[in-house]
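J.: Residue numbers (our numbering): 2 to 298.
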DNA sequence: AATGCGGGGTC
DNA sequence: GACCCAGCATT
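1) One question on the structure: do residue 165 and residue 225 come within less than 8 Å of each other, judged by their Cβ atoms?
2) For residue 292, which residues in the same chain have their Cβ closer than 7 Å to its Cβ, ignoring the five residues on either side in sequence?
3) Go to residue 245, then tell me how far its alpha helix (DSSP H) extends in each direction, as first and last residue.
4) Check each candidate in 262, 283, 19 and name the one with the smallest Cα separation from residue 274.
5) Applying the criterion that 16 or more other CB atoms from any shown protein chain within 10 Å of the CB defines a buried residue, is residue 239 buried or exposed?
6) Between residue 117 and residue 204, what straight-line distance do the alpha-carbon atoms span, to the nearest angstrom?
7) Just confirm the distance between the C-beta atoms of residue 199 and residue 152, as a whole number of angstroms; I'd bet it's less than 8 Å.
8) Would the segment 188 to 195 count as touching the segment 18 to 34 if we require 3 or more Cβ pairs under 8 Å?
9) Rounded to the nearest angstrom, how far is the Cβ of residue 76 from that of residue 63, given a contact under 8 Å?
10) Residue 216 and residue 179: beta carbons closer than 8 Å?
11) Tell me the rounded alpha-carbon separation between residue 1 and residue 39.
12) With a cut-off of 8 Å, do at least 3 Cβ pairs link the segment 45 to 57 to the segment 84 to 100?
13) Quick check for students: name the residue ranges of the alpha helix (DSSP H) that lie wholly in the segment 90 to 161, counting only runs of 4 or more.
14) Excluding the 5 residues flanking residue 50 on each side, which residues of the same chain have their C-beta closer than 7 Å to its C-beta?
15) So what does DSSP say about residue 4, is it helix, strand or coil?
16) Assign residue 295 to one of three DSSP states: helix, strand, or coil.
17) Grab the span of the beta strand (DSSP E) containing residue 169 for me, first residue to last.
18) Which of the three DSSP states is assigned to residue 220 in this structure?
19) How long is the line joining the alpha carbons of residue 71 and residue 112, rounded to whole angstroms?
20) Whole angstroms is fine: what's the gap from residue 131's alpha carbon to residue 47's?
21) Tell me the DSSP bridge mates of residue 288?
22) Nearest to residue 155 by CA position, among 139, 186, 122, 202, is which residue?
23) Does DSSP put residue 198 in a helix, in a strand, or in coil?
24) So, for residue 287: in the same chain, excluding its five sequence neighbours on each side, which residues have a beta-carbon less than 8 Å away from its beta-carbon?
25) Looking only at its own chain, which residues have a Cβ that is under 8 Å from the Cβ of residue 252, when we skip the five neighbours before and after it?
26) Just how far apart, CA to CA, sit residue 22 and residue 103?
27) To the nearest angstrom, how far is it from the Cα of residue 189 to the Cα of residue 163?
28) May I ask which residues mark the beginning and end of the alpha helix (DSSP H) holding residue 25?
29) What does DSSP give as the partner residue(s) for residue 257 in the beta ladder?
30) Going by other Cβ atoms of all chains shown within 10 Å of its Cβ, with 16 needed for buried, is residue 283 buried or exposed?
31) What separation, rounded to the nearest whole angstrom, lies between the Cα atoms of residue 34 and residue 234?
32) Mind checking whether the beta-carbon of residue 136 lies closer than 7 Å to any heavy atom of the ligand COA?
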């Protein structure tokens with residue numbers, strides 16, 4: 002034990018965490034019942050910035066319709082975009098399909114576990130790459146999603162929110178907690194603790210197995226800094242709102258620009274061509290004729 | 001380092 | 001209304 006150790010007693014913390022997790026963990030989540038990299042990738046991409054409860058029905062339906070990388074690689078973009086309806090961030094649907102095509106075509110159907118190859122898959126960033134390696138193969142890596150980042154920030158660094166601390170110390174602190182064996186359950190336990198107990202608002206410190214050694218609690222649970230945010234814009238006034246409306250309209254079939262303009266609030270109509278051009282460049286819509294648009298076949 | 005990207009839920 | 005959510009890609 003060195004004086005500079007970020008975590009004074011990682012084994013003790015892990016033991017308390019594991020006992021809590023055995024009783025309180027979300028062990029029944031469907032993507033925790035399977036080790037198939039395809040199924041886990043589907044879950045992780047769907048879960049990017051999207052709550053667990055909302056993902057559940059989409060995950061089941063997606064795996065039933067496209068059960069393998071091969072099946073998804075052969076799917077039409079229009080079909081995956083339509084199946085994504087309601088999940089948000091539609092580009093994720095295309096990324097998932099593109100990742101499937103990469104696995105099938107670039108890697109011959111064998112999943113690329115090398116970090117470089119993993120991170121090269123569309124839609125796979127640092128979080129998802131670590132999640133795949135820990136959850137599918139139990140590799141001893143630190144998974145750093147918003148839940149685990151918050152738990153580690155509070156427990157080790159003593160700050161209320163990971164949005165207020167630099168990434169490098171946070172990642173180092175998370176890595177220092179990872180056990181040499183059993184990283185899958187360790188990361189899942191931290192994730193569940195963040196989702197169920199050490200929540201962003203109103204954390205239940207009374208029910209937290211890490212509370213006795215928590216640096217944030219020792220500091221008196223200081224509240225987060227009031228963030229100096231730029232003036233809020235109504236969601237209905239954003240391009241994201243208009244883009245979402247446009248893609249959703251095309252899910253039910255082709256439309257011409259007059260009809261597309263009609264479904265937008267007046268304030269957005271002057272920018273219709275701009276929205277369509279951007280969506281087309283991203284592969285989310287396709288022009289099928291003079292002023293006629295559809296989802297890409 | 002900042003910004004865009006959806007949509008729904010909560011307080 | 002502000003904040004949050006199993007982030008990623010781009011600039």
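Don't be surprised by glycine CBs; every beta carbon is placed ideally from N, CA and C.
T.: Here's the rundown:
1) Locating residue 165 in the first chain gives position 164, where the first residue counts as 1. Locating residue 225 in the first chain gives position 224, where the first residue counts as 1. Contact: yes.
2) By one-based count along the first chain, residue 292 stands at place 291. By the criterion of a C-beta distance shorter than 7 Å, residue 292 is surrounded in its chain by 257, 258, once the five residues flanking it on both sides are discounted.
3) Taking the first chain and counting its residues from 1, one reaches residue 245 at position 244. Here the alpha helix (DSSP H) through residue 245 covers 240 to 252.
4) In the first chain, residue 274 corresponds to position 273, counting from 1. The candidate whose alpha carbon is nearest that of residue 274 is 262.
5) In the first chain, residue 239 corresponds to position 238, counting from 1. Exposed: under 16 other Cβ atoms inside 10 Å.
6) The residue given as residue 117 occupies position 116 in the first chain. The residue given as residue 204 occupies position 203 in the first chain. Those two C-alpha atoms are separated by around 37 Å.
7) Position 198 of the first chain, counted from the start, is the residue given in the question as residue 199. Position 151 of the first chain, counted from the start, is the residue given in the question as residue 152. Yes, residue 199 and residue 152 are in contact; Cβ-Cβ is about 5 Å, under 8 Å.
8) Counting Cβ pairs under 8 Å, three or more are found: they touch.
9) Locating residue 76 in the first chain gives position 75, where the first residue counts as 1. Locating residue 63 in the first chain gives position 62, where the first residue counts as 1. Not really, about 10 Å apart at Cβ, beyond 8 Å.
10) Along the first chain, read from residue 1 onward, the residue named residue 216 stands at position 215. Along the first chain, read from residue 1 onward, the residue named residue 179 stands at position 178. Contact: no.
11) In the structure displayed, the chain extends from 2 to 298; residue 1 sits before or after that span and is not available.
12) In short, these stretches touch, since the Cβ pair count reaches three.
13) For the segment 90 to 161, whole alpha helix (DSSP H) runs of length 4 or above, ordered along the chain, are 92 to 102, 116 to 120, 127 to 138, 147 to 153.
14) On the first chain, position 49 is the one that residue 50 refers to. Closer than 7 Å at the Cβ level, and outside the excluded window around residue 50, lie 90.
15) Numbered from 1 along the first chain, position 3 holds the residue referred to as residue 4. Because residue 4 sits at a pLDDT of 37, beneath the cut-off of 50, its placement in the model cannot be relied upon, and the following sentence gives the value as read from the coordinates. Here residue 4 sits in coil by DSSP.
16) Within the first chain, the letter at position 294 stands for residue 295. Three-state DSSP puts residue 295 in a strand.
17) Translated into the one-based positions of the first chain, residue 169 becomes position 168. For residue 169, there is no enclosing beta strand (DSSP E); the residue is part of the alpha helix (DSSP H) that begins and ends at 168 to 178.
18) Sequence index remark: in the first chain, residue 220 carries index 219 (1-based). Residue 220 falls in the coil class under three-state DSSP.
19) One-based indexing of the first chain puts residue 71 at position 70. One-based indexing of the first chain puts residue 112 at position 111. Cα-Cα distance, rounded: 12 Å.
20) Locating residue 131 in the first chain gives position 130, counting from the first residue. Locating residue 47 in the first chain gives position 46, counting from the first residue. Taking the straight line from one Cα to the other gives about 16 Å.
21) Against the first chain, residue 288 aligns to sequence position 287. Bridge pairing for residue 288: 294 [DSSP].
22) By one-based count along the first chain, residue 155 stands at place 154. The candidate whose alpha carbon is nearest that of residue 155 is 202.
23) For this step, residue 198 is matched to residue 197 along the first chain. In the structure shown, residue 198 sits in coil (DSSP, three-state: anything other than H, G, I, E or B).
24) Mapped onto the first chain, residue 287 falls at position 286. Scanning its chain for C-beta atoms nearer than 8 Å, with the 5 sequence neighbours on each side dropped, one finds around residue 287 the residues 281, 294, 295, 296, 297, 298, in chain order.
25) Taking the first chain and counting its residues from 1, one reaches residue 252 at position 251. Here residue 252 has 82, 83, 86, 296 as same chain residues with Cβ atoms under 8 Å from its own Cβ, once five neighbours each way along the sequence are excluded.
26) Working through the first chain from its first residue, we reach residue 22 at position 21. Working through the first chain from its first residue, we reach residue 103 at position 102. Whole-angstrom Cα-Cα distance: 36 Å.
27) Looking up residue 189 in the first chain gives position 188. Looking up residue 163 in the first chain gives position 162. Residue 189 and residue 163 have their C-alpha atoms spaced approximately 18 Å apart.
28) Residue numbering aside, residue 25 sits at position 24 when the first chain is read from its first letter. Unbroken alpha helix (DSSP H) run through residue 25: 11 to 25.
29) The count along the first chain starts at 1 and reaches residue 257 at position 256. 293, per the DSSP bridge assignment.
30) To locate residue 283, count along the first chain from 1; it is residue 282. Classification for residue 283: exposed.
31) Translated into positions along the first chain, residue 34 becomes position 33. Translated into positions along the first chain, residue 234 becomes position 233. Using only the alpha carbons, I get a separation of about 41 Å.
32) No copy of the ligand COA appears in this structure; indeed no ligand is present at all.
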